[in-house]
DNA sequence: GTCTATAGATCGATAGAC
DNA sequence: GTCTATCGATCTATAGAC
């Protein structure tokens, strides 16, 4: 299972052969078929597994920063941003996204479950935080879901595109931090509460 | 060549067979090999061709809106945004991006030339506009290239992700407009010039 | 359950007639 | 140049011995 994960993520569905998977797992090909039935079933199980693994850390609530105002607001948003990028810019997450995109035609239901487990969950979680910040008057967020989507869009910038294209891999914390800073600054500027 | 384009965009490199390409082109397989030599060469030629086709409209300068201030600024940015999304959310552009991402491991030089012809060119073009707006005092843009990247990141939001995953296809002008409006509003808020 | 061996289909690429 | 026919490799999946 771990071997299959590596082969699928490295080569994609089509180029990953059951022979290569069996060899890397140190077992026979027939054993793989006994366990998973078919290549499609194995692929589906693998993808769902990595989704769970990667997105487990994204949905658990952040440690609360008690009073949220001024610098604390910035720190809070930066914390969310860092956690997101810390997962999403990983070689593993990039490879997963690549494969899911590439095979979305052949496995539409897989793309759908990926979207639900990943982006949707992250958006809803972020929207909850934004709703709280809006009610506290710290930010002005009339549409939390829409603003949450915007928040993540700001983080999926040029660095992310270059990672998807294989032109950058495993960015340094400094590179990530630069993206985080600009995104948070922009987000706050666009959601500053009206001066009373 | 046109037939090959469709097959490669629809199925990706691996799943596109030379038999299918030859059949769709209405010629024999040998004829395809006579013209292009190998599958890799044909693929490379195809991809470069679609890149040129899609990105031709992105780099040509926008029709100038003479005095840029107030609503004109908004219109100008919205024009850039609409042109970008009008191309990038197309089924054809999405399919191209999908294939380039999927095969970036096997064809790294193709991913690089795609990035240069596409994102880089668009960023540089946008950065030029932002530099002008900054010098005119209409916007405050200390780092035009960085802000240009941010501008496009705002446009590659949730709708774009859903298109990449095949969960949305060929969004309506209304859907695009909503993205444009929010992106431009956010961008302007984050680059408002200091009140003198 | 796990192995070896192989069936059956398809792939990229080529040979050779016309 | 364009065709048909085919080679050799590789793929998924299965059969059958242990």
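Chains as they are written, first to last, in the numbering used here: chain A, 11 to 206; chain B, 11 to 206. For each residue, glycine too, the CB sits at the ideal point set by N, CA and C. This structure is a prediction, so every number in the text was calculated from the model and none was measured.
**Asked** Within the chosen definition, does the region 112-126 of chain A reach the region 55-71 of chain A through at least 3 CB pairs nearer than 8 Å?
**Response** Yes, they touch.
**Request:** Kindly say whether residue 12/A, judged by its beta-carbon, lies nearer than 9 Å to any beta-carbon of chain B.
**Result:** no
**Asked** Between residue 112/A and residue 111/B, what straight-line distance do the alpha-carbon atoms span, to the nearest angstrom?
**Response** 8 Å
**Message:** Can you check whether the C-beta of residue 174/A is within less than 9 Å of a C-beta belonging to chain B?
**Reply:** yes
**Asked** In angstroms, rounded to a whole number, what distance separates the CA positions of residue 180/A and residue 99/A?
**Response** 6 Å
**Item:** chain A within 9 Å of residue 121/B, Cβ atoms only
**Value:** yes
**Message:** Measuring straight from C-alpha to C-alpha, what distance separates residue 20/B and residue 50/A?
**Reply:** Cα to Cα, the separation comes out at about 19 Å.
**Request:** Please compile the residues from chain A whose C-beta is within a distance smaller than 8 Å of the C-beta of residue 192/B.
**Result:** Going along chain A in sequence order, the residues near residue 192/B (Cβ under 8 Å) are 156, 160.
**Prompt:** Are at least three pairs of beta-carbons, each pair with one atom in the region 180-192 of chain A and one in the region 161-169 of chain A, less than 8 Å apart?
**Reply:** yes
**Asked** Given a threshold of 16 other Cβ atoms within 10 Å of its Cβ, counted over all protein chains shown, does residue 85/B qualify as buried or as exposed?
**Response** exposed
**Prompt:** Leaving out five residues before and five after residue 29/A in sequence, what residues of the same chain have Cβ atoms less than 8 Å from its Cβ?
**Reply:** 39
**Request:** Check the Cβ-Cβ distances between residue 110/B and every residue of chain A, and say whether any is below 9 Å.
**Result:** It does; some Cβ of chain A falls within 9 Å.
**Asked** On the three-pair Cβ rule with 8 Å, is the region 87-99 of chain A touching the region 136-144 of chain B?
**Response** With the cut-off at 8 Å, the region 87-99 of chain A and the region 136-144 of chain B do not touch.
**Request:** Taking residue 162/A as the reference, give the member of 133/A, 151/A, 178/A, 143/A with the closest Cα.
**Result:** 133/A
**Prompt:** Can you tell me where the alpha helix (DSSP H) with residue 142/B in it begins and where it stops?
**Reply:** 131-145
**Prompt:** Span of the alpha helix (DSSP H) holding residue 121/A?
**Reply:** From DSSP, the alpha helix (DSSP H) with residue 121/A extends over 118-125.
**Request:** Using a threshold of 9 Å, state whether the C-beta atoms of residue 102/B and residue 23/B are closer than that.
**Result:** no
**Asked** To the nearest angstrom, how far is it from the Cα of residue 109/A to the Cα of residue 150/B?
**Response** 40 Å
**Prompt:** Mind pulling the alpha helix (DSSP H) runs of 4 or more residues that sit fully within the region 156-182 of chain A?
**Reply:** Whole alpha helix (DSSP H) segments, 4+ residues: 168-174.
**Asked** Going along the chain, which residues of its own chain have a beta-carbon closer than 8 Å to the beta-carbon of residue 174/A, five neighbours each way excluded?
**Response** 104, 107, 108
**Asked** Closest Cβ-Cβ distance between residue 60/B and chain A: below 9 Å?
**Response** Not flagged as an interface residue toward chain A: residue 60/B, since no C-beta distance is shorter than 9 Å.
**Item:** First and last residue of the uninterrupted alpha helix (DSSP H) at residue 56/A
**Value:** 49-69
**Supposed close pair residue 52/B, residue 13/B - CB separation, criterion 8 Å** = No, residue 52/B and residue 13/B are not in contact; Cβ-Cβ is about 11 Å, not under 8 Å.
**Prompt:** By DSSP, does residue 201/B sit in helix, in strand, or in coil?
**Reply:** Three-state result, residue 201/B: coil.
**Request:** Taking only beta-carbon positions, decide if residue 98/A is within less than 9 Å of chain B.
**Result:** no
**Request:** Tell me whether the beta-carbon of residue 68/A lies closer than 9 Å to the beta-carbon of residue 128/A.
**Result:** yes
**Request:** Hey, could you find the ends of the alpha helix (DSSP H) residue 12/B is sitting in?
**Result:** 12-25
**Prompt:** Should residue 15/B be flagged as near chain A, meaning a C-beta pair shorter than 9 Å?
**Reply:** No, residue 15/B lies away from the interface with chain A (no Cβ there is under 9 Å from its Cβ).
**Item:** Close-in-space but distant-in-sequence residues of the same chain around residue 155/A (CB under 8 Å, 5 per side omitted)
**Value:** 133, 134, 137
**Asked** Under 9 Å between the Cβ atoms of residue 193/B and residue 165/B?
**Response** Cβ distance < 9 Å, so residue 193/B and residue 165/B count as in contact.
**Message:** I need the boundaries of the alpha helix (DSSP H) containing residue 97/A, first residue and last residue.
**Reply:** 81-98
**Straight-line gap, residue 41/B to residue 26/B (C-alpha atoms, nearest Å)** = C-alpha separation (whole angstroms): 17 Å.
**Message:** Between residue 56/B and chain A, is the shortest Cβ-Cβ distance under 9 Å, so that the two count as touching?
**Reply:** no
**Item:** Exposed unless 16 or more other CB atoms sit within 10 angstroms - verdict on residue 31/A
**Value:** A residue is called buried when at least 16 other Cβ atoms come within 10 angstroms of its Cβ; residue 31/A meets this threshold and is buried.
**Close-in-space but distant-in-sequence residues of the same chain around residue 11/B (CB under 6 Å, 5 per side omitted)** = Counting only Cβ-Cβ distances below 6 Å, and skipping sequence neighbours, we find nothing.
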